[in-house]
Amino acid sequence: MWDYTDKVKDLYKHPKNVGTIDNADAVGEVGSIVCGDALTLYLKIEDNIIKDAKFQTFGCGSAIASSSALTEMITGKTVDEAEKITNRDIVDYLGGLPEQKMHCSVMGREALEKALANWRGEEVASHEETEGEVICQCFGVTDPLIRKVIRENGLKTVEDVTNYTKAGGACGSCIHKIEDILTEELKRQPVAAGPEAKKGRLPLSNIKRMQLVEETISDVVRPILQKDGGNIELVDIDGRKVMVALRGACANCLVSDVTLKNLVQEKLREFVEDDIEVIEVR
Amino acid sequence: MNRTVYLDNNATTMVDPEVLDAMLPFLKEQYGNPSSMHDFGGDVARDVELARKQVADLLGADNDYEIVFTGGGTESDNFAILGTLAYFRDRRHIISSKVEHPAVLNLYRRLEREGYRASYVPVDRDGNLDMEFLKKSMDDDTAIVSIMHANNETGVIFPVEEIGALCRERSIPFHIDGVQAAGKIPIDVKKIQCDLYSISGHKFHAPKGMGVLYIRRGTRIRPLMYGGHQERGRRPGTENVPGIVATGKAAELALKNLPAEERVRALRDRLESGILARFSNVQLNGSKDARVPNTTNVGFEYIEGEAILLYLNEKGIAASSGSACSSGSLEPSHVLRAMGVPFTAAHGSIRFSLSRFTTEQEIDYTISVLPEIIDRLLEISPFWDSATKQCRPVNIQS
Ligand SMILES: Cc1ncc(COP(=O)(O)O)c(C=O)c1O
Ligand code: FES
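One line per chain: the protein sequences are Z and H, in this order. Per the working numbering, residue 1 is the first one in the first sequence, and the count goes up by one each step. Per the working numbering, residue 1001 is the first one in the second sequence, and the count goes up by one each step.
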């Protein structure tokens, strides 16, 4: 028997918002009967606000509960707000899910994403076309989805990825590909800051920002430059402005201004804050 | 109904009160070691030997010493297979079926990694073995054929006598996983001509953690473990006396109650036909003819098994499912997939397994609460149109 929280039990016993919406403004469908779980989400959207959300699901107790939770969470929200909801938020709303059931929350979030794309009029065709390479054939899980879930949940092992996306849970022939993706993703994360760095998107305090900038420069940026015989020095931090000096091979490189500044800025935006500005001093 | 309606007897059974009474003295005053040179232990040894006789009778074995007590069905299966391979070291081919219990299947997978060649006999849509495949697979290199007597998920019975004859002709050791047969159908190891036969106490109203391996007199097998002389050195270690006594008593009761299995069969059929008649989105998994009397496996299309179980649980009914979700694996049951049950039904499969303690009232209660549960889940399902009472076109690749 799964160790479901009372909230999960309550929601699979008495799910909210079951059904369809006639003339829905947006519909998002994910999963299939072959995979063993599927979810269809219907939205009524007026003036960018989600007025009503309904779902139908083919799935276990936690799939019913996750879908119900999702509809409750997004009703009344603006599209922009709804878009920010992650599978983590669904799990938190439920008071937790067993590890092996995490994929139910991911399915909810995926359905929402599809529905909103549908609303914007983006053509959502098959997985391959719009979502990149299919890594796990058994469950039709794509490369971008795996990466996204790894980042948002700070996943570390293949087993985690299987729990969250199902990828690798059947024939296992995709496990080596998942391992490669994990290795790549783990390398991308600054070691000290960890996967939590940008999570939550709360405004950073100045101290926290400085810490993250320092860590990102020493753990992510410097190793890249050093590979080419260059180096970087952090000169000053003023609010969201980061002053750096490029050293070694970089300093004499004519393209440094464009390429290297962009590289540093991109990394800092990725790991620290979206609006960091890098200024090169000599 | 406030008591649990327990319809999951293929998973485990209730300890029969008579069995409990029989074992209790050995947890209290009669705690002697059967090997001891004093009456205090010696008396206990007699009870162990009585249990051996009771089990031999259930299996139709001639000699009590052909019965070895183990720590469960899994251990018996492993002992039979590994013990045989340890003897026939030069034979490198092993045969089993695609629908075995993990106690056999996972061991075979391990053995494959160690270099053994394995053949897995497929089954048809009704769950019946492909006997031609089996015949063709057998060769001089075959060290063992291990096939179950009855399948735990569908209850389908395999033609073990026919397989026994084939193996005997070719002098290939034959092991039967009879865990789901004991107490449900008559067993006669001599008629079957098997060399090894495994059963598990907790499937026929003895406590958990007790198994038996029947080893036909003269069978070549090595022990898994080494130690004292207990069980003639085949399964050393001081005996689990209360468990052995309980297993003996349970075997005696199982044999005595075999005729009552017809009552169980009638209840099972009542449940099954009640379900098949009431719903349009349901199908029977497994042959209707060759089946143990207590098991029915039905696949509800377009709804998911774990959800059905959770809702049944709310109503106090315990059953089980071959759905992916409920097992914690991500794929539906290997048995149903080997049978070619479509995914639309495999994910919604439910197994009800009865016992001699199941009552008519419990069956009728189950039939009466199912419609509410199934209809509710159909309403939630994206593949079902409740307005037209039809399935929506689904894209099913399998
Ligand atoms: C067919 C079969 N074989 C083996 C076993 C394992 O028995 P035990 O639980 O006693 O180890 C089971 C029980 O689930 C079974 O159904
Ligand atoms: S391809 Fe991923 S488990 Fe089969």
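Every residue, glycine too, gets a C-beta built ideally from N, C-alpha and C. Since this is a predicted model, take the numbers as computed values, not measurements.
Buried or exposed (CB count within 10 angstroms, at least 16 for buried), residue i
i	result
Z:Lys13	exposed
H:Pro1332	buried
Z:Glu196	In this prediction, Z:Glu196 has a pLDDT of 48, which is less than 50 and means its spatial position is unreliable; what the coordinates show is noted afterwards. Result: exposed.
H:Pro1242	buried
H:Met1023	buried
Z:Ile207	exposed
Z:Glu128	For Z:Glu128, the predicted structure reports a pLDDT of 40, less than 50, and the residue's modelled location is therefore unreliable. The matter cannot be settled from this model.
Z:Gly194	Bear in mind that the predicted position of Z:Gly194 carries a pLDDT of just 44, short of 50, making it too unreliable to give a figure here.
H:Ala1387	exposed
H:Arg1278	exposed
H:His1347	buried
H:Tyr1226	exposed
Z:Ala125	Low confidence applies to Z:Ala125: its pLDDT is 49, below 50, so where it sits in the model is not reliable, and the reading given next is rough at best. That one is exposed.
H:Gln1361	exposed
H:Val1068	buried
Z:Cys60	buried
H:Gln1390	exposed
H:Ala1080	buried
Z:Ser68	buried
Z:Lys54	buried
Z:Gly76	exposed
H:Phe1343	buried
H:Pro1207	buried
H:Arg1216	buried
H:Arg1392	exposed
Z:Val235	exposed
Residue interval of the beta strand (DSSP E) (run including residue i)
i	result
Z:Leu234	Gly230 to Asp238
H:Gly1233	Premise fails: H:Gly1233 is in no beta strand (DSSP E) and is neither H nor E.
Z:Met283	Residue 283 of chain Z lies beyond the range of chain Z shown here (1 to 282); nothing can be said about it.
Z:Tyr42	Asp37 to Glu46
H:Phe1343	It is not in any beta strand (DSSP E) - H:Phe1343 instead sits in the alpha helix (DSSP H) that spans Phe1343 to Ala1346.
Z:Asp52	Ile49 to Phe58
Z:Glu280	Glu277 to Glu280
Z:Ser205	Taken as a continuous stretch (DSSP letters only), Z:Ser205 belongs to no beta strand (DSSP E), as it is neither H nor E.
H:Ser1399	Nothing about residue 1399 of chain H can be read from this structure; chain H reaches only from 1001 to 1398.
Z:Phe139	Z:Phe139 -> no beta strand (DSSP E), and no H or E assigned at all.
Z:Glu29	Ala26 to Ser32
H:Val1410	Nothing can be reported for residue 1410 of chain H: it is not among the residues displayed for chain H, which extend from 1001 to 1398.
H:Asp1177	Phe1174 to Asp1177
H:Phe1069	Ile1067 to Thr1070
H:Tyr1197	Leu1196 to Ser1200
H:Val1298	Thr1295 to Phe1300
Start and end residues, alpha helix (DSSP H) containing residue i
i	result
H:Arg1392	From DSSP, H:Arg1392 is part of no alpha helix (DSSP H); its letter is neither H nor E.
H:Glu1272	Glu1261 to Arg1278
H:Ile1192	Val1189 to Ile1192
Z:Cys104	Met102 to Trp119
H:His1038	Counting along the chain, H:His1038 falls outside any alpha helix (DSSP H), and DSSP gives it neither H nor E.
H:Met1131	Met1131 to Ser1137
Z:Thr71	Gly61 to Ile74
H:Ser1097	That residue, H:Ser1097, is in no alpha helix (DSSP H); its beta strand (DSSP E) goes His1093 to Ser1097.
H:Ala1246	Val1241 to Lys1256
Z:Thr165	Val158 to Thr165
H:Gly1211	Careful: H:Gly1211 lies outside any alpha helix (DSSP H), inside the beta strand (DSSP E) at Gly1211 to Ile1215.
Chain B within 8 Å of residue i, Cβ atoms only
i	result
H:Tyr1120	Among the protein chains of the structure shown, namely Z and H, there is no chain B.
Whole-number beta carbon distance between residue j and residue i, since they are thought to touch under 8 Å
i	j	result
H:Val1145	H:Ile1163	7 Å
H:Gly1286	H:Asn1297	5 Å
Z:Arg151	Z:Glu113	Rounded, the Cβ-Cβ distance is 15 Å, inconsistent with contact.
H:Asp1141	H:His1093	4 Å
Z:Asn163	Z:Val27	Contact doesn't hold; Cβ gap of about 28 Å is too wide.
H:Gln1054	H:Gly1248	4 Å
H:Gly1178	H:Ile1187	6 Å
Z:Leu70	Z:Gly108	4 Å
Distance cut 5 Å, beta-carbon to ligand 1 heavy atom: residue list by chain order: H:Gly1072, H:Gly1073, H:Thr1074, H:His1101, H:Ala1103, H:Asn1152, H:Asp1177, H:Val1179, H:Gln1180 and H:Ser1200
The stretch 1262 to 1278 of chain H in contact with the stretch 1044 to 1058 of chain H per 3-pair CB rule at 8 Å: When C-beta atoms of the stretch 1262 to 1278 of chain H are compared with those of the stretch 1044 to 1058 of chain H, fewer than three pairs fall below 8 Å, so the two segments do not count as touching.
Cβ contact check for the stretch 1160 to 1176 of chain H and the stretch 267 to 282 of chain Z: 3 or more pairs under 8 Å: Fewer than three Cβ pairs drawn from the stretch 1160 to 1176 of chain H and the stretch 267 to 282 of chain Z lie within less than 8 Å of each other, which leaves the two stretches out of contact.
Stretch pair the stretch 1295 to 1306 of chain H + the stretch 1192 to 1205 of chain H: three plus CB contacts closer than 8 Å: Segments in contact, no.
Ligand 2 site residues, beta-carbon cut 6 Å against heavy atoms: Z:Cys136, Z:Gln137, Z:Cys138, Z:Ala167, Z:Gly168, Z:Gly169, Z:Ala170, Z:Cys171, Z:Gly172, Z:Ser173 and Z:Cys174
Three or more C-beta pairs below 8 Å linking the stretch 1088 to 1103 of chain H and the stretch 1116 to 1128 of chain H: yes
Given 8 Å, three or more beta-carbon pairs between the stretch 1128 to 1141 of chain H and the stretch 1070 to 1084 of chain H: no
Stretch pair the stretch 13 to 29 of chain Z + the stretch 87 to 102 of chain Z: three plus CB contacts closer than 8 Å: no
Inter-stretch contact (C-beta, 8 Å, three-pair minimum) for the stretch 1009 to 1027 of chain H and the stretch 268 to 276 of chain Z: The stretch 1009 to 1027 of chain H vs the stretch 268 to 276 of chain Z: no contact.
Cβ contact check for the stretch 81 to 94 of chain Z and the stretch 102 to 110 of chain Z: 3 or more pairs under 8 Å: Because the criterion of three Cβ pairs below 8 Å is met, the stretch 81 to 94 of chain Z and the stretch 102 to 110 of chain Z touch.
Stretch pair the stretch 1251 to 1258 of chain H + the stretch 1309 to 1320 of chain H: three plus CB contacts closer than 8 Å: no
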